[in-house]
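Enquirer:
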Amino acid sequence: MNDHRKSQALTAWERLFNQPEIRMDAEEQYEALLRLADEFEDGGIISPGERTALIERATVLYSQSVAGVGEGT
């Protein structure tokens with residue numbers, strides 16, 4: 043596994059996690075984060091355990107994002 047490639051990939055994932063693209067809703071952000079995690083694992087950049095950790099983080103973010111929908115937040 044190339045450490046530089048892994049670092050770049052995880053940086054891109056974190057950037058999307060922290061700052062979704064303009065006009066990207068919570069569902070689109072979630073799907074993009076999952077897609078990246080899958081691509082990184084399929085490409086041998088991250089391990090299955092690291093993929094699981096990224097998916098868990100994305101799921102928590104998505105859950106928090108949609109929890110306030112309809113509640114005036």
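The sequence shown maps to residues 43 to 115 in the numbering used here.
Don't be surprised by glycine CBs; every beta carbon is placed ideally from N, CA and C.
Name the two residues that bound the continuous alpha helix (DSSP H) containing aspartate 80.
Expert: Residue 80 sits at position 38 when you count from the first residue of the sequence shown. Looking at the DSSP string, the run of the alpha helix (DSSP H) that includes aspartate 80 is 68-84.
Enquirer: Does the beta-carbon of arginine 93 have 16 or more other beta-carbons within 10 angstroms, so that it is buried, or is it exposed?
Expert: As a working note, residue 93 is residue 51 in the sequence shown. Buried, by the Cβ-count rule.
Enquirer: Using DSSP with H/G/I as helix, E/B as strand and the rest coil, what is glycine 110?
Expert: Sequence index remark: in the sequence shown, residue 110 carries index 68 (1-based). In this structure, glycine 110 counts as coil in the three-state DSSP scheme.
Enquirer: For the alpha helix (DSSP H) containing asparagine 60, name the first residue and the last one.
Expert: Sequence index remark: in the sequence shown, residue 60 carries index 18 (1-based). Counting along the chain, the alpha helix (DSSP H) containing asparagine 60 begins and ends at 45-60.
Enquirer: Suppose you measure from the CA of leucine 96 to the CA of leucine 75; what does that come to, to the nearest Å?
Expert: To locate residue 96, count along the sequence shown from 1; it is residue 54. To locate residue 75, count along the sequence shown from 1; it is residue 33. Straight-line Cα distance between these residues: approximately 8 Å.
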